[in-house]
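For the record, the sequence lines run as chains A and B.
Anchor point for the first sequence: position 393 equals 840 in the working numbering, and the numbering is continuous, going up by one each time.
Anchor point for the second sequence: position 228 equals 675 in the working numbering, and the numbering is continuous, going up by one each time.
Every residue, glycine too, gets a C-beta built ideally from N, C-alpha and C.
Taking it in order: structure first as structure tokens, then the write-up.
Protein chains: 2
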Amino acid sequence: VVVGAGFGGIAAVRALRRAPVEVILVDRQNYHLFSPLLYQVAAALLDPSAIAQPVRALLRRIRNARMWMAEVTHVDLERKVLSTRQGEIEYDYLLLAAGSVTNYFGNQSAAELALPLKGLPDALAVRNRILTNFEQARWTDDTVERRRLLTVAIVGGGPTGVEFAGSLSELVRNVLRKDFPGMDLGEVRVLLLEAGDSLLTAFAPRLRRAAEGALRRKGVEIRYRALVQQVAPESLELASGERMAVGAVVWTAGVRAPQLGAGLGLPVDRAGAVQVEPTLQLPGHPEVFVVGDMAALEQDGRRLPMLAPVAQQEARRAARNIVALEGGRPPQPFRYFDKGIMAAIGRNSGLAQVGPFGLSGFIGWAGWLFVHLLLIVSLRNRLFVFLGWTWDYLFLDRPVRLILRASQKARPEKFHHDGGDVEH
Amino acid sequence: VVVGAGFGGIAAVRALRRAPVEVILVDRQNYHLFSPLLYQVAAALLDPSAIAQPVRALLRRIRNARMWMAEVTHVDLERKVLSTRQGEIEYDYLLLAAGSVTNYFGNQSAAELALPLKGLPDALAVRNRILTNFEQARWTDDTVERRRLLTVAIVGGGPTGVEFAGSLSELVRNVLRKDFPGMDLGEVRVLLLEAGDSLLTAFAPRLRRAAEGALRRKGVEIRYRALVQQVAPESLELASGERMAVGAVVWTAGVRAPQLGAGLGLPVDRAGAVQVEPTLQLPGHPEVFVVGDMAALEQDGRRLPMLAPVAQQEARRAARNIVALEGGRPPQPFRYFDKGIMAAIGRNSGLAQVGPFGLSGFIGWAGWLFVHLLLIVSLRNRLFVFLGWTWDYLFLDRPVRLILRASQKARPEKFHHDGGDVEH
Numbered sequence: 448v449v450v451g452a453g454f455g456g457i458a459a460v461r462a463l464r465r466a467p468v469e470v471i472l473v474d475r476q477n478y479h480l481f482s483p484l485l486y487q488v489a490a491a492l493l494d495p496s497a498i499a500q501p502v503r504a505l506l507r508r509i510r511n512a513r514m515w516m517a518e519v520t521h522v523d524l525e526r527k528v529l530s531t532r533q534g535e536i537e538y539d540y541l542l543l544a545a546g547s548v549t550n551y552f553g554n555q556s557a558a559e560l561a562l563p564l565k566g567l568p569d570a571l572a573v574r575n576r577i578l579t580n581f582e583q584a585r586w587t588d589d590t591v592e593r594r595r596l597l598t599v600a601i602v603g604g605g606p607t608g609v610e611f612a613g614s615l616s617e618l619v620r621n622v623l624r625k626d627f628p629g630m631d632l633g634e635v636r637v638l639l640l641e642a643g644d645s646l647l648t649a650f651a652p653r654l655r656r657a658a659e660g661a662l663r664r665k666g667v668e669i670r671y672r673a674l675v676q677q678v679a680p681e682s683l684e685l686a687s688g689e690r691m692a693v694g695a696v697v698w699t700a701g702v703r704a705p706q707l708g709a710g711l712g713l714p715v716d717r718a719g720a721v722q723v724e725p726t727l728q729l730p731g732h733p734e735v736f737v738v739g740d741m742a743a744l745e746q747d748g749r750r751l752p753m754l755a756p757v758a759q760q761e762a763r764r765a766a767r768n769i770v771a772l773e774g775g776r777p778p779q780p781f782r783y784f785d786k787g788i789m790a791a792i793g794r795n796s797g798l799a800q801v802g803p804f805g806l807s808g809f810i811g812w813a814g815w816l817f818v819h820l821l822l823i824v825s826l827r828n829r830l831f832v833f834l835g836w837t838w839d840y841l842f843l844d845r846p847v848r849l850i851l852r853a854s855q856k857a858r859p860e861k862f863h864h865d866g867g868d869v870e871h
Numbered sequence: 448v449v450v451g452a453g454f455g456g457i458a459a460v461r462a463l464r465r466a467p468v469e470v471i472l473v474d475r476q477n478y479h480l481f482s483p484l485l486y487q488v489a490a491a492l493l494d495p496s497a498i499a500q501p502v503r504a505l506l507r508r509i510r511n512a513r514m515w516m517a518e519v520t521h522v523d524l525e526r527k528v529l530s531t532r533q534g535e536i537e538y539d540y541l542l543l544a545a546g547s548v549t550n551y552f553g554n555q556s557a558a559e560l561a562l563p564l565k566g567l568p569d570a571l572a573v574r575n576r577i578l579t580n581f582e583q584a585r586w587t588d589d590t591v592e593r594r595r596l597l598t599v600a601i602v603g604g605g606p607t608g609v610e611f612a613g614s615l616s617e618l619v620r621n622v623l624r625k626d627f628p629g630m631d632l633g634e635v636r637v638l639l640l641e642a643g644d645s646l647l648t649a650f651a652p653r654l655r656r657a658a659e660g661a662l663r664r665k666g667v668e669i670r671y672r673a674l675v676q677q678v679a680p681e682s683l684e685l686a687s688g689e690r691m692a693v694g695a696v697v698w699t700a701g702v703r704a705p706q707l708g709a710g711l712g713l714p715v716d717r718a719g720a721v722q723v724e725p726t727l728q729l730p731g732h733p734e735v736f737v738v739g740d741m742a743a744l745e746q747d748g749r750r751l752p753m754l755a756p757v758a759q760q761e762a763r764r765a766a767r768n769i770v771a772l773e774g775g776r777p778p779q780p781f782r783y784f785d786k787g788i789m790a791a792i793g794r795n796s797g798l799a800q801v802g803p804f805g806l807s808g809f810i811g812w813a814g815w816l817f818v819h820l821l822l823i824v825s826l827r828n829r830l831f832v833f834l835g836w837t838w839d840y841l842f843l844d845r846p847v848r849l850i851l852r853a854s855q856k857a858r859p860e861k862f863h864h865d866g867g868d869v870e871h
């Protein structure tokens, strides 16, 4: 049984396709999400369907795999049973790849009022909120209130925060400016609040400075050492005591492993991730593997980052180890091969870092576009993402700027798809 | 002031683009919906953004028009003021084109539990519900319960009901069958419940029979004289006393004008539409025009149908009449020019009726495709609809089959976008 249809789960199912095993994939959504482009849905650049792929479509040609849509609530390691809201599933081997959830670092007000940016429902909520605020600002004669509505605070200067800030600023400057004739761009603020001293700490200092420069040129206001203390419905307060009136708080400050890991009663690290053996096995339970954001593993003295390539490579190693165990051979330890990291900061500006080499500016951006197009799972989504990007690039237009939400009339109770978050 | 950004409202704004007037367009959504293809969103064939166009994008090149997003609550005819949830707007001329809402014909249980198919939020709710039911059926060992989950009852044999039934049946037979290996197609039922004796009463008898045949070949179960009496959470009851267990009830039985019309305190017809002069003016209020589904107007002894071309032609006439009044000339009566009606029943089967001529089968379908592609407002949406159709036709695949809903965390209160319905 594989839990989670993210990068790890899908890689594991694929790696097991020719193995003499029956695979059950469990996820609470019916789609696999290409999460690196999630912020582009929030910025009204892409349709949700361009970055989501029905899991059942991915499994069609994998004969030994089936999908069961369910939300996993508990793992009984002794009985080897997975409990879900829909029923129980027995397993011989278990591969946990449930990813991560938004981390509010214990900030209750943020958990209640800030908008996370982790799943598709979150991205649509962010899009709806920001577009609605612009519409509402149109009705306001009060300058202070209008400025508040037109202020978006993005909390966290990691890749998601930086990429979203760049893309949002372009949505405002290139698209919404033409939608709202007479709007004073000086009243719009895109704030990027970073608690530390620098953005994108995973990148080399030169690339960080390039990112900072690109964001500032796009009109993003960057604040360092800006730790958010309290989020209120119409404002937020920093640890320094400074208050700012805001129309939306988008929380990209961090992620943590889901409760499921801690619920196993096993050692977890600060982010709630499960300490695993170098073979990705759960200590004391060789039939249980944990990969991706849920797994805490060190390599060369450093915690492996929460990245899609780590999850995919771990999942493939875990799959091979399951096959090895079945064949009576010993499992092998995991070794991460780092292909580099990338980030895009709106049009014509991106970063790429491969080992000691770094690219920035237009070349970094072109590389980012190319690599991400290649990484998208299906031909159809590759085509639709490419069309979306081309449209935006050529016409400075984002036709997906809809304020839209599925009606909730008489929804069945048993499945929960509201909010990408498990914790609030 | 123009109320409603549907076919009528947009046609009016365009017709007034060179007139010496200032136009304010009011709508509670920020997009114009190409509603004839709405059922294809519910059937997971098209993305919402393929049939929705941001109103502000449509108004960009119309210099004398502005958009104010708001939900209209009341019209004060004496003071010439429009009240909305967001504030008041004064008008010199008012053009009401607010369309229609789902008509439950006083059936309270249907209003509470049936899923309408009128706006995009409705279509997404239908899509989510049906896909969720299929996932849930996967978990059920009880045959009776599984059959219930796999039964969809579509109420109403008009164009929406017929077109949705055809498209839904194809979703099940061509796409979901491959998604759910081992699923017994015999357990899936698509029911079309029509209270009268025939489907598509606007079409000639020969075409109606063609539609019926096409639906039956696609596996749709048609029931005539099946008046729905009561809708319960897991079943429905017909006037005949027959009960059927259902997983979803999709209500396409009729539409009625919104409360707004009746709220004016003026004569309305059975469907709540406002009786207007032949010039589309409100009796006693020559500065107020009513067009589209909201207006009740007879021509040659018959009530004009609630169709997009009627709304568009009426809106253009109303716009010209406003210009005439401003120039001191008398307004002209409206005359509808009927270009014909069409319907599509899934792949390779469609109907078209132009005056005495009728087409059915493949040629009717090809004509339907062609005409609808031409009618779509923007180049981008035309391209995306065409791509969606092509994908479905060639690969028998609908990649938009996502169970997805925007998160509702901390949503602002003032705007309401839940459900296309005003009444529940």
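As DSSP reads the structure, A:H819 sits in no beta bridge. In terms of Cα proximity to A:G748, the closest of A:P730, A:V770, A:Q779, A:Y783 is A:Y783. Residues are counted here when their Cβ sits less than 9 Å from a Cβ of chain A; for the region 451-465 of chain B the count is zero. Its chain contains P563, K565, W698, V702, D868 as the residues whose beta carbon lies nearer than 7 Å to that of B:T549, once the 5 sequence neighbours on both sides are disregarded; these appear in chain order.
In the three-state scheme derived from DSSP, where H, G and I count as helix and E and B as strand, B:E535 is classed as strand. Relative to the Cα of A:V622, the nearest Cα in the group A:R852, A:L841, A:L851 belongs to A:L841. Selection B:I457, B:T587, B:V473 evaluated against A:R585 yields B:V473 as nearest (Cα-Cα). Not a single C-beta of chain A is nearer than 8 Å to the C-beta of B:V548.
Distance from A:V637 to A:G666 at the Cβ level is roughly 7 Å; contact confirmed, criterion being Cβ atoms closer than 8 Å.
Secondary structure of B:L647 (DSSP, three-state): coil. The contact set of A:A700 on chain B, defined by CB atoms closer than 7 Å, is empty, because the minimum CB distance reaches about 16 Å. When Cβ-Cβ separations below 8 Å define contact, B:E518 makes no contact with chain A. For the pair of segments examined, the region 758-774 of chain A was found not to touch the region 567-584 of chain A: the number of CB pairs separated by less than 8 Å stays below three. Under the three-state reduction of DSSP output, B:R763 falls in the helix class. Interface annotation, B:L542: not in contact with chain A, CB-CB separation never under 8 Å. Its chain contains A658, I788, A790, L798, Q800, G805 as the residues whose beta carbon lies nearer than 8 Å to that of A:F650, once the 5 sequence neighbours on both sides are disregarded; these appear in chain order. Contact check for A:A720 and A:A743: beta-carbon distance about 4 Å, within the 8 Å limit, so the pair qualifies. At a Cβ-Cβ threshold of 8 Å, A:P777 and A:Q728 do not count as neighbours. Runs of alpha helix (DSSP H) with 4 or more residues, each lying fully within the region 657-711 of chain B, are found at 706-710, listed in chain order. For the region 461-492 of chain B, the beta-carbon criterion of a distance under 8 Å to any beta-carbon of chain A is satisfied by Q476, N477, Y478. Membership of A:Y478 in the beta strand (DSSP E) is indicated by the continuous run 478-480.
With respect to the C-alpha of B:D569, the residue from B:L654, B:Y486, B:I810 having the closest C-alpha is B:Y486. Annotation for A:E668: R636, V637, L638, L639 place their beta carbon closer than 8 Å to its own, counting only its chain and skipping 5 residues before and after.
Bridge pairing for A:T598: A:R636 [DSSP].
By the criterion of a C-beta distance shorter than 8 Å, B:A466 is surrounded in its chain by N511, A766, I769, V770, E773, once the five residues flanking it on both sides are discounted. In the three-state scheme derived from DSSP, where H, G and I count as helix and E and B as strand, B:P733 is classed as strand.
Residue pairing by DSSP places A:E745 opposite A:R750 in a beta bridge. The shortest CA-to-CA distance from B:E634 to any of B:T520, B:L683, B:T587 is the one to B:T587. In the DSSP annotation of this structure, the continuous segment of the alpha helix (DSSP H) that includes B:Q555 starts and ends at 555-560. Annotation for B:D523: the continuous beta strand (DSSP E) segment containing it runs 519-523. Contact between the region 709-724 of chain A and the region 594-603 of chain A is absent: fewer than 3 CB-CB pairs across the two stretches fall below 8 Å. No Cβ of chain A is located within less than 8 Å of the beta carbon of B:W836. Per DSSP, B:A458 is one residue of the alpha helix (DSSP H) stretching across 454-462. Boundaries of the beta strand (DSSP E) harbouring B:L806: 804-807, taken from the DSSP string.
In this chain, the beta strand (DSSP E) harbouring A:G797 covers 797-801. Under the DSSP definition of a beta bridge, A:V528 partners with A:D523, A:E537.
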